[in-house]
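These notes concern the structure reproduced below.
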Amino acid sequence: MDPRACRYCNSSFLPNKYAPRQTVCSNLECQKKRQLESMRQWREKNPSYFKYDESKGIQWLEIQRRRSREWRQRNPDKVRAYRQTHEDEYRRYMREYMQRYRQKQKTQPPASGETGTDVKTPD
Numbered sequence: 003m004d005p006r007a008c009r010y011c012n013s014s015f016l017p018n019k020y021a022p023r024q025t026v027c028s029n030l031e032c033q034k035k036r037q038l039e040s041m042r043q044w045r046e047k048n049p050s051y052f053k054y055d056e057s058k059g060i061q062w063l064e065i066q067r068r069r070s071r072e073w074r075q076r077n078p079d080k081v082r083a084y085r086q087t088h089e090d091e092y093r094r095y096m097r098e099y100m101q102r103y104r105q106k107q108k109t110q111p112p113a114s115g116e117t118g119t120d121v122k123t124p125d
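For the record, in the sequence shown the residue sitting at position 123 is 125 according to this note's numbering, with numbers rising by one throughout.
Right, here's the structure in full:
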């Protein structure tokens, strides 16, 4: 087989005899780029794959939520270990979540019967 130029680093390489269409060298950085590009292309072709399937109905969604909640209750050590290893992402997520929650609370009108003030009326 003829040597080829890597798609990412342009270095010369010989393709694997079992993968004659190979376009990327075996360098780890180039392989990582190839994998990320492949995943990105797949997600573009399958945009709704990871989204909730509304055709299954609200009952299905409730069952999934209940199962997830039960799993978390049965496996608190796994949840705790995951959060410890992903502490920075978890804190950032919670910070953003609370900002959205507070913003939502500001924009929503008070519930019926609530005036927003604690003024007593004379008897």
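Cβ atoms here follow ideal geometry from the backbone N, Cα and C, with glycine treated the same way.
Grab the span of the alpha helix (DSSP H) containing residue i for me, first residue to last.
i   : result
C32 : L30 to K47
S57 : Element bounds for S57: n/a, residue is neither H nor E.
Tell me the DSSP bridge mates of residue i?
i   : result
S14 : A7
Do you know offhand how far residue i's Cα is from residue j's?
i    : j   : result
Q139 : Y51 : Outside the shown range of the chain, which is 3 to 125, sits residue 139, and nothing can be said about it.
A7   : V81 : 45 Å
L38  : Y10 : 12 Å
R71  : Q24 : 44 Å
R45  : M3  : 33 Å
K108 : C32 : 48 Å
W62  : A83 : 29 Å
P5   : K34 : 21 Å
E64  : R36 : 38 Å
L16  : P78 : 49 Å
K58  : N29 : 44 Å
R94  : H88 : 10 Å
Q105 : Y99 : 10 Å
W73  : K53 : 21 Å
R97  : D90 : 11 Å
Check the C-beta distance from residue i over to residue j and give it rounded, since I have them as a contact under 8 Å.
i   : j   : result
R85 : Y92 : 5 Å
C27 : S40 : C27 to S40, Cβ: 16 Å. No contact.
Closest Cβ-Cβ distance between residue i and chain B: below 7 Å?
i   : result
R74 : Judged by its chain identifiers, the structure shown contains no chain B, having just a single protein chain.
| said: Restricting to runs no shorter than 3 residues, where is the beta strand (DSSP E) found entirely within the segment 78-107? | reply: none
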